[in-house]
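Visitor: Okay, here's the structure, questions in a sec.
What follows is the structure in structure tokens.
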């Protein structure tokens, strides 16, 4: 078996994410838009915004992963690319993992990179902590994209699958959201929370590709 | 062993008498447990006075919420590995019932929580959150099955999701336990044996066992309905084919 199909799946997912005009700017726009709505909804008191800011960004990150994942496998089932991937003999889990990882690179990582800017808008102090938080958003986002990818693969043949992905992925997002939000507070346990976040992300990376592979074989039937 | 149960004919013969037996046992046990719980046992002021009597519904519902998800995941696993149709019918039938008992657990917990803790809902309580996410897992499972266009696809997609959910349950539970909890600690099952006074323990156990029998009976009835449904569809198709 040659790894060529895995690389080509990776390249195809990156290309798809960049194609269509706005490229990575589109998820960024959604992420920033969702976050910017919050002060309009809850008021502009700086102390309140500072308290809820990190959590709002976690929620916006989870939402934007759900919104962008809807088409990741659906397009491949419609144009037959999925059948070709599965016939190459390369492990379906590796192909699904490569596609999801590429998707995170194009749509998830930019959100983490812009998070310090949004944190400043939420009245956070400018410090090195913002960069540490950006790394945590990147790490947690990876888990969001992989669990969301399971939902996307399961609903690849379903019309209006986006709503279904949200319902399926919501319970799977819980540990990441909890550990991630906890890591950005001073609450007891916040010291170890980044390690738990990393562990739950590794767990997602280990388990989700196999679930996606099983779901994709179902979608190709 | 699984293969012995996998035969729908054998299942129909078995459930034909087992389901009514379950219902009778459930009525007796729940009836005795409720009579004891509502009228006989003394109220516990520390747990909120008379409102603690909701325990005889709340605790069995919580037990069934957990057990039914695990049963659904186990049935999905059996179907995924051995493709025994009865296992898939069982998983499909457990889902709505499990969701109902999970909802009962949440509702009675809320009703008990208001007078004792002063709040309907406590976000930083680990067990309330776990049960809530269990409820969402059930809903996602049913929604996914309903959106698949064939029975076989629904079974496969449902089995994958149920297994993914089941291996995530310990992680979800661990993560929500990182919050502090004001929920009473587990008091029926501890390493030193039950901590609860016997006067409460026996009606509670009877009620839990009764709910389990009721659940088992309802699952069998739903499974029988599903099997009849499939037989009818098959007979209809045959009639149509023969013109």
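Chains as they are written, first to last, in this note's numbering: chain Y, 1 to 221; chain E, 1001 to 1243.
In this text, a Cβ means the ideal position worked out from N, Cα and C, and glycines have one as well.
Under a CB-based cut-off of 8 Å, is residue 1147 of chain E close to chain Y?
Guide: yes
Visitor: Would residue 25 of chain Y pass as an interface residue toward chain E - the criterion being a Cβ-Cβ separation below 8 Å?
Guide: Judged by the 8 Å Cβ criterion, residue 25 of chain Y is not in contact with chain E.
Visitor: Three or more C-beta pairs closer than 8 Å, one from the stretch 97–104 of chain Y and one from the stretch 174–183 of chain Y: is that the case here?
Guide: no
Visitor: Closer than 9 Å by beta-carbon distance: list the chain Y residues that pair up with residue 1156 of chain E, in chain order.
Guide: 214, 215, 217, 218, 221
Visitor: Between the stretch 179–210 of chain Y and chain E, which residues of the former have CB atoms less than 7 Å from a CB of the latter, in chain order?
Guide: 179, 182, 189, 200, 203, 207
Visitor: Check residue 1044 of chain E in the structure and name its three-state DSSP category.
Guide: For residue 1044 of chain E, the three-state secondary structure derived from DSSP is strand.
Visitor: Quick one: residues in its chain with C-beta nearer than 7 Å to the C-beta of residue 109 of chain Y, no 5 flanking neighbours on either side, listed in chain order?
Guide: 138
Visitor: At a Cβ threshold of 8 Å, is residue 1090 of chain E touching chain Y?
Guide: no
Visitor: Distance check for residue 1104 of chain E and residue 989 of chain E, CA to CA, integer angstroms please.
Guide: Because chain E here runs from 1001 to 1243, residue 989 of chain E falls outside it and cannot be looked at.
Visitor: Taking 8 Å as the threshold (C-beta atoms), are residue 1207 of chain E and residue 1049 of chain E in contact?
Guide: no
Visitor: What's the gap between the Cα of residue 76 of chain Y and the Cα of residue 1158 of chain E?
Guide: Here the alpha carbon of residue 76 of chain Y sits roughly 21 Å from the alpha carbon of residue 1158 of chain E.
Visitor: Mapping DSSP to helix, strand and coil, what is residue 43 of chain Y?
Guide: coil
Visitor: What does the alpha-carbon distance come out to for the pair residue 72 of chain Y and residue 89 of chain Y?
Guide: 21 Å
Visitor: Does residue 78 of chain Y pass the burial test, meaning 16 or more other C-beta atoms within 10 Å, or should it be called exposed?
Guide: exposed
Visitor: Is the beta carbon of residue 1231 of chain E within less than 7 Å of some heavy atom of the ligand ATP?
Guide: Ligands in the displayed structure: none, and consequently the ligand ATP is not present.
Visitor: Kindly indicate if chain Y contains any beta-carbon less than 8 Å away from that of residue 1175 of chain E.
Guide: yes
Visitor: Based on DSSP bridge pairs, tell me the residues matched to residue 1158 of chain E.
Guide: BP columns for residue 1158 of chain E are empty, so no partner.
Visitor: Can you check whether the CB of residue 123 of chain Y is closer than 8 Å to the CB of residue 40 of chain Y?
Guide: no
Visitor: Taking C-beta pairs closer than 7 Å, name the residues in chain Y that residue 1172 of chain E reaches, listed in chain order.
Guide: Against chain Y, a Cβ distance below 7 Å from residue 1172 of chain E picks out 171, 174, 175.
Visitor: Unbroken alpha helix (DSSP H) runs of length 4 or more, entirely within the stretch 127–157 of chain Y: which are they?
Guide: 129–154
Visitor: Determine, for residue 158 of chain Y, whether the minimum Cβ-Cβ distance to residues of chain E falls below 8 Å.
Guide: yes
Visitor: According to DSSP, is residue 180 of chain Y part of a helix, a strand, or is it coil?
Guide: helix
Visitor: Are at least three pairs of beta-carbons, each pair with one atom in the stretch 1018–1029 of chain E and one in the stretch 1196–1216 of chain E, less than 8 Å apart?
Guide: Taking 8 Å as the limit for Cβ pairs, the verdict is that the stretch 1196–1216 of chain E does touch the stretch 1018–1029 of chain E.
Visitor: Tell me, please, whether the stretch 1095–1104 of chain E touches the stretch 1138–1151 of chain E by the rule of three or more beta-carbon pairs shorter than 8 Å.
Guide: yes
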